[in-house]
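Participant: Residue numbers (our numbering), protein chains in the order written: chain A, 93 to 306; chain B, 4 to 216; chain C, 41 to 842. Even glycine gets a Cβ: it sits at the ideal position worked out from N, Cα and C.
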Amino acid sequence: MSVESPADALDPSKLIACPACDALYTDRDVATGETARCVRCHAVLEAPRRTAMTRIIMLALAALILMVAAIFFPFLELEAAGRIQRASLLDTVQAFSSGLTAPLTFAMAALIVILPVIRFLALIYVLGPMAFGHKPARHAEFFFRLADHLRPWAMAEVFIVGVAVALVKVAGLAHIFIGPAFWAFVALVIVTVLKDNFMSRLTLWKTLERRRAS
Amino acid sequence: MEDAGTAPRILTAKQAGLVGCTECGRVHAPGVARCTRCGTRLASRDTASLQRVWAWLFAGLVVYVPANLYPMLRTTLLGKTTESTIFGGVVDLMHHGSYGVAAIVFVASIVIPVSKFIAIGYLALSVQRRVQMSAHKRHLLYEAVEFIGRWSMIDVFVVAILSSLVQLDFAASINPGIAAVSFALSVAFTMISALSFDSRLIWDVDVGVNENE
Amino acid sequence: MSDPRPAEMEIEGPKRSIWRNLSLTWLIPIAALAITLLIAWQSWAERGARIEITFENAAGIVPGETALRFRDVNIGLVEDVTFANDLSSVRIGARIDNIVAESLPSDAEFWVVRPEVSASGISGLSTVLSGVYIEAAFEPQEGAEATRFVGRDTAPLVRPGMRGTRIVLRAPDGAMLSAGAPIFHQGIEVGRIETPRLLESGNGVIADAFIEAPHDRRVTTSTRFWDTSGFNVNFGPQGLDLSVGSVAALIRGGIAFDTVVSGGNPVPSRYVFDLFDDETAARDSVFSQSIDNAVDLVVEFDESVRGLEAGAPVTYRGLKIGAVNALGAFIDDVSGEQRVKLRASISIDPRALGLEDDTAAEAEIITFLSESVQDGLRARLASQGLFSQSLMVELVTIPEAEPAALGIFDTEAPVLPSVESNVPDVAATAEGLFQRIDDLPVEELMEQAIATLRSVESFAGDPDLRAVPGSVSGLLDEARGLIGSEETQALPGELNATVTALREIVEDLREAGTAEKLAAALDGATAATDSVSSVATEITAATEEVPALIEEMRDLVAKANALQLEAFVDRATALADSADRLIASDATQALPGEINATVAELRGVAEDLRAADAIGRLMSTLESASAAADSVTGVAMDLSGATEQVPALVDDLRRLVETANDLPLEAFIEQATNLVASADRLVDSDQTRALPGALTRMLDEARSALEELREGGVVENTNATLASARDAAAAIEEAAESLPSLSAQIQSMVGEAELALQGYGENSRFNRETLSALREVQSAAEALNKLARSIERNPNSLLFGR
């Protein structure tokens, strides 16, 4: 992007500032398939994709369904010393529920289940109408901001890796059965990662603004 | 797009007297409270952000100490209860021969949080004083910290899984210790600390340096 | 108005169809949805059928964790635990594999397997670690799909599918029955009992029992069950009985059975058996109330029935045909006088009398009995053993009994007439014997003897006879001198020492543990006493003759009194003189010394014997002594046979006396005088005079022989002596073997003694018989004690009368 001289009158509406390093750029439309990056910090600025929104929505839907499956199907089963212990996802969340560690239960539930679900729902809410060509729904900005802010706190993929580590730890001592919920969760994690990669925040904001205005 | 070269002359919004939205990139005139595109509160530079960063960092550090001193896992085998801290757990795993898992736990629970403390501290310091590292590298450091931060939670999840699975009444049972709570808090605090950090500040110094050159 | 112009087309924007934004990527969520639903449906379909089991409580059952197992394979899981409508029971809902649920019959049994300690061992320990589970047992039936069941409290006695027979055991108290106790047959466990429960009437305990196939074939209606737990000590008419089962039975308890008599019918399910305390009671119980057609009778006794108790046998000619049920007393109105009569009710098994079992009609049995009574069948008390105090009822046929009839009443059992018993009460017999001795006219006899002596004295007053005392007194002086000589005086001392030595030998014998042999000897003594008793009976009979004999002897003496005996007396005097001369001779004087020395030698020998520790030989000698005792028994038997001849002998004597009475006594005296003359000639002869010398020489030789014995190594000689003594005893034994039954008894008893010493815990007849003999000896001792006490109180009664 070209560098404007400071003396020029700067029209804020034609500019775009890199959220990471605050470099100013002239905002222009980027063709779909291209990626605009910041010169200084190489952060992705604009990355319009064809049917990005659709894909995002569909991935979010799939993630939701998988989340439902992960909650209600058997997750893990441990067999040792003649006893069988079954743990579903909710049992894992409740692992801390006794004693001093009780507050952690809520945190676990939030990190693993609640926040990701809120993100998915928010994304669907925001992008759904636009995907079908309608105007964005009310408070779509709020929800989009919410989904974005919650992004680092939705730790589904961290959870699944943690499960894998735990299984490796225990597998030598006992017999582990992996239920369908585990695989659903793995799929969920993959879907989430894909979805997040599809999103270019700035592009979506622009799209949101444009659609809102139209 | 075109890469401007080795030392591009970058104009920041601050220098231009404008305010950029950290959320959506929209540029506004100074004095506008909220971004017109996304509604985020606008601030050219968050002066208090550094204080917040340090505060959360110290909180995370403070909570990290009991996380290592108190037991993370309470294992009851045939009636005998043994407690293990994070580090103790790692040592046990190495004794048992699962070096891989021990390495993962060690990295995730000890290396990463400590490096995060150091990195965030360094970054915060770098804003206020001159440091060797270039802005670019510091930015990469910042991105790394932000990315890795959440993965420290693995240990907490591992404890949760083990506690929920290994509940075999008499033969064996694993219960979480209090350290799990403080470790989770430590990770959360450092995450908040990292999120509070205004990454634009990194580049400000650079600009200032560049300009001064 | 303008010209019509071409209108503007309505242009719609490009249609924004829904499908614009759709892409194949929508397949992903659809696929996710489809897979999810598929998995959900699959797990729903495989969920299994739901059943409900009602238990009393849900101890240890955790919904979602407690498993259901069949044949040790998991078939399902408990889903939920809820109360029944009225909170009286707990309903467990569970899901079972469909395959199993299809074949689940409605009589399937479920119970919770928990750790349990019971009489049959510890079970279910694995559930401590793994948690309790519910076990199912059923016989799979195709198509039966029952869903509601009632759970059991404990594992069932019989798993469905086990073949066998169910029976019910009844016992007076539950101490013998413990839940799960095994049932043995000839030492092999063939079944089990369940928890015993009280009868509704409260006077007994019953327990279900199960005998497994194929052993249930052995259970018939004449099978008896008894308790074999722990050990049993039984002290009854047969003596002391100690029996110990195996160690396992000691701990677990148990019940054993055996078919006591043949001819039982196969047993229907839930047939009730009585449980007896021990094997003896079980075998004796063949005549218990469970005999269907036992005939009840009543016998009245006038005499004391002490020693008769319920359960005592009723015998006929020695064969047990029934048992005594109960004893009682009742007041009988006999011609206005009220007397207390004793009544025993007995029951008789007709089969034992030879009546067919299928003569069901009791009337026929009554008819038979009344006919027998008319022929002389009576009941009387008898002793169960010789020295035993226990009585039994015996039916005997007494042809000359007083006529009686079987008393038949409408409401009561028929009354069997009784006769007086002849219980050989030893005490009574001994007392009776002494009574008779007491009744003997001993005083008169003594008076007569005194009268006789007086007349003899008057003889002696005769001046011619006065010279006799002189020489007689001279004779007496010599004799006294002999007695008073030092050697003779020393004799008692010698004897004493010898006796002491012998006593020490006896001590050693006792330490060497000759009890068993002595016991065997005692056995022989028992048998001997048996025969002695019968001998005593005969002696009793014989002594009845004695008074008459004495009467006649008295007459004879009176006659003799009147005779002229002067010539006889002269001869007697001459005889006395020669006897005097004999005694006065030196050789005779030297006799005591010889005897003394001989006794000293004997004592030396005895001491050497003891030092040589030849006790072992003595033991075997004792054995033979036991055998000898048995031969004594034989001898006693002969004696008994001999004493049977005493009355005949007495008759002969009587005849002789009569003949003597008729004899011309002068001829008699002539003959007596001739006898005395020849005796005189004998005494006066040189050989007789040389007799003491010969005796002295003989004694010398004996003494030197003993010296040689001692110097020449007593031990071997003693052993040889004892060996020869044993041989002698063996010879006696062989002689006694001519009575084969005795010998067999000895050998079998010795063999049993060895068996008793070998095995522990086996019923040994030796112990039993020893102890029974001891018990009889004890009773005899008691009777003798009583006798002795009465004699003590009045010792003079024996001699001088009251």
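Using CA coordinates, which residue listed in 103(A), 104(A) and 108(A) is at the minimum distance from residue 293(A)?
Facilitator: In the first sequence, the residue the question calls residue 293(A) occupies position 201. For residue 293(A), the nearest C-alpha among the options comes from 108(A).
Participant: Enumerate in chain order the residues of its own chain whose CB-to-CB distance from residue 370(C) is below 7 Å, with the five nearest sequence positions on each side excluded.
Facilitator: Taking the first residue of the third sequence as position 1, residue 370(C) is located at position 330. Within the same chain, residue 370(C) has close Cβ partners 381 and 383.
Participant: Any C-beta of chain A within less than 8 Å: which residues of the region 144 to 172 of chain C qualify?
Facilitator: Under the 8 Å Cβ criterion, the region 144 to 172 of chain C contributes 166, 169, 170 and 171.
Participant: Which same chain residues, not among the five before or five after residue 146(C), have their C-beta less than 7 Å away from its C-beta?
Facilitator: The residue given as residue 146(C) occupies position 106 in the third sequence. Result list for residue 146(C): 184 and 186, in chain order.
Participant: With C-beta atoms as the reference, is residue 233(C) less than 9 Å away from residue 215(C)?
Facilitator: Stepping through the third sequence from its first residue, residue 233(C) is reached at position 193. Stepping through the third sequence from its first residue, residue 215(C) is reached at position 175. For residue 233(C) and residue 215(C), no; Cβs fall outside 9 Å.
Participant: Of all the options 194(C), 76(C), 224(C) and 313(C), which has the alpha carbon lying nearest to the alpha carbon of residue 97(C)?
Facilitator: Translated into positions along the third sequence, residue 97(C) becomes position 57. Selected option, being the one with the closest Cα: 194(C).
Participant: Do residue 209(C) and residue 132(C) have their C-beta atoms within less than 9 Å of each other?
Facilitator: Position 169 of the third sequence holds residue 209(C). Position 92 of the third sequence holds residue 132(C). In this structure, residue 132(C) does not lie closer than 9 Å to residue 209(C) by Cβ.
Participant: Check the Cβ of residue 157(B) against every Cβ in chain A and list those closer than 7 Å, keeping chain order.
Facilitator: The residue you call residue 157(B) lines up with position 154 of the second sequence. Near residue 157(B) (Cβ distances below 7 Å), the residues of chain A are 250, 253, 254 and 257.
Participant: When DSSP labels each residue in this structure, what does residue 191(C) get in the three-state scheme?
Facilitator: Stepping through the third sequence from its first residue, residue 191(C) is reached at position 151. Residue 191(C) falls in the coil class under three-state DSSP.
Participant: Could you tell me which chain A residues have their CB closer than 8 Å to the CB of residue 50(B), listed as they occur along the chain?
Facilitator: Taking the second sequence and counting its residues from 1, the one referred to as residue 50(B) is at position 47. Within chain A, no residue comes near residue 50(B); the closest Cβ sits about 15 Å away, beyond 8 Å.
Participant: Looking only at its chain, what residues have a beta carbon closer than 7 Å to the beta carbon of residue 20(B), apart from the 5 residues adjacent to it on each side?
Facilitator: Position 17 of the second sequence, counting from 1, holds the residue named residue 20(B). Taken in chain order, the residues that qualify are 33.
Participant: So who's on the other strand from residue 423(C), going by DSSP bridges?
Facilitator: Against the third sequence, residue 423(C) aligns to sequence position 383. Looking at the DSSP assignment, residue 423(C) forms a beta bridge with 431(C).
Participant: Is the CB of residue 160(A) under 9 Å away from at least one CB in chain F?
Facilitator: Checking the listed chains, one finds no chain F in this structure; the protein chains it contains are A, B and C.
Participant: With 9 Å as the C-beta to C-beta threshold (strictly closer), list the residues of the region 262 to 278 of chain A near chain B in chain order.
Facilitator: The region 262 to 278 of chain A vs chain B, Cβ under 9 Å: 262, 264, 265, 266 and 268.
Participant: Counting pairs of beta carbons, one from the region 80 to 89 of chain C and one from the region 147 to 158 of chain C, are three or more of them closer than 8 Å?
Facilitator: Taking 8 Å as the limit for Cβ pairs, the verdict is that the region 147 to 158 of chain C does not touch the region 80 to 89 of chain C.
Participant: Compare the beta carbon distance of residue 167(A) and residue 277(A) with 9 Å and say whether it is the shorter of the two.
Facilitator: Residue numbering aside, residue 167(A) sits at position 75 when the first sequence is read from its first letter. Residue numbering aside, residue 277(A) sits at position 185 when the first sequence is read from its first letter. Yes, the Cβ-Cβ distance between residue 167(A) and residue 277(A) is below 9 Å.
Participant: What does residue 15(B) touch in chain A if you count any residue whose Cβ is under 7 Å from its own?
Facilitator: Position 12 of the second sequence, counting from 1, holds the residue named residue 15(B). Correct list: 114, 115 and 116.
Participant: Of the residues 146(B), 113(B) and 120(B), which one's Cα is nearest the Cα of residue 112(A)?
Facilitator: Mapped onto the first sequence, residue 112(A) falls at position 20. If we check each option's Cα against that of residue 112(A), 146(B) comes out closest.
Participant: Is the Cβ of residue 164(A) closer than 9 Å to any Cβ of chain B?
Facilitator: Along the first sequence, read from residue 1 onward, the residue named residue 164(A) stands at position 72. Output row for residue 164(A): interface = no.
Participant: From which residue to which residue does the alpha helix (DSSP H) around residue 307(C) run?
Facilitator: In the third sequence, counting from the first residue as 1, residue 307(C) sits at position 267. Unbroken run through residue 307(C): none, as it is neither H nor E.
Participant: Could one say the Cβ of residue 301(A) lies closer than 9 Å to chain B's Cβ atoms, at least one of them?
Facilitator: Here residue 301(A) is taken as the residue at index 209 of the first sequence, counted from 1. Yes, its Cβ sits closer than 9 Å to a Cβ of chain B.
Participant: Please confirm whether residue 178(A) has its beta-carbon closer than 9 Å to some beta-carbon of chain C.
Facilitator: As a working mapping, residue 178(A) is identified with position 86 in the first sequence. It does; some Cβ of chain C falls within 9 Å.
Participant: Please confirm whether residue 195(A) and residue 152(B) have their CB atoms less than 9 Å apart.
Facilitator: The residue given as residue 195(A) occupies position 103 in the first sequence. The residue given as residue 152(B) occupies position 149 in the second sequence. No. Outside cutoff.
Participant: Buried or exposed: where does residue 170(B) fall if 16 or more other Cβ atoms within 10 Å of its Cβ makes it buried?
Facilitator: Indexing the second sequence from 1 puts residue 170(B) at position 167. Buried is the call here.
Participant: Apart from the five residues just before and just after residue 708(C), which ones in its own chain have a Cβ nearer than 6 Å to its Cβ?
Facilitator: As a position in the third sequence, residue 708(C) is number 668, starting the count at 1. Only weak support is given to the placement of residue 708(C): the predicted model assigns it a pLDDT of 49, under 50, and the value that follows is read from those uncertain coordinates. Result list for residue 708(C): empty, nothing under 6 Å.
Participant: If we call anything under 9 Å between Cβ atoms a contact, is residue 213(C) one with residue 264(C)?
Facilitator: Taking the first residue of the third sequence as position 1, residue 213(C) is located at position 173. Taking the first residue of the third sequence as position 1, residue 264(C) is located at position 224. For residue 213(C) and residue 264(C), no; Cβs fall outside 9 Å.
Participant: In chain B, which residues lie with their C-beta within 8 Å of the C-beta of residue 237(A)?
Facilitator: On the first sequence, residue 237(A) is found 145 positions in, with the first residue counted as 1. Within 8 Å Cβ-Cβ: 26, 41, 42 and 43.
Participant: Considering only the beta carbon of each residue, do residue 385(C) and residue 431(C) sit closer than 9 Å?
Facilitator: The residue you call residue 385(C) lines up with position 345 of the third sequence. The residue you call residue 431(C) lines up with position 391 of the third sequence. It is not a contact, given that the beta carbons lie outside the stated cut-off.
Participant: With 8 Å as the C-beta to C-beta threshold (strictly closer), list the residues of the region 140 to 154 of chain B near chain A in chain order.
Facilitator: Cβ contacts with chain A come from 142, 149, 152, 153 and 154.
Participant: Would you mind reading off the limits of the beta strand (DSSP E) that contains residue 263(C)?
Facilitator: Start at 1 with the first residue of the third sequence, and residue 263(C) comes out as number 223. Element bounds for residue 263(C): 263 to 267.
Participant: Closer than 8 Å by beta-carbon distance: list the chain B residues that pair up with residue 210(A), in chain order.
Facilitator: Here residue 210(A) refers to the residue found at position 118 when the first sequence is read from its first residue. Going along chain B, no residue has its Cβ under 8 Å from residue 210(A), so there is no contact; the nearest lies around 17 Å.
Participant: For residue 176(A), does the three-state DSSP call read helix, strand or coil?
Facilitator: Start at 1 with the first residue of the first sequence, and residue 176(A) comes out as number 84. Reduced to three states, the DSSP call for residue 176(A) is strand.
Participant: Going by Cα to Cα distance, which pick from 190(C), 242(C), 188(C) and 267(C) is closest to residue 224(C)?
Facilitator: In the third sequence, counting from the first residue as 1, residue 224(C) sits at position 184. Out of 190(C), 242(C), 188(C) and 267(C), 267(C) has the C-alpha closest to the C-alpha of residue 224(C).
Participant: Taking the beta carbon of residue 40(B) as the centre, do at least 16 other beta carbons fall within 10 Å, making it buried, or is it exposed?
Facilitator: By 1-based counting over the second sequence, the position of residue 40(B) is 37. Classification of residue 40(B): buried, given that the 10 Å Cβ count is 16 or more.
Participant: Would you say residue 194(B) lies against chain A (beta-carbon separation less than 9 Å)?
Facilitator: Here residue 194(B) refers to the residue found at position 191 of the second sequence. At least one chain A Cβ lies under 9 Å of residue 194(B).
Participant: Cutting at 7 Å between CB atoms, please list the residues of its own chain near residue 458(C), excluding the five before and the five after it.
Facilitator: Residue numbering aside, residue 458(C) sits at position 418 when the third sequence is read from its first letter. 339, 340, 341, 418, 419 and 420.
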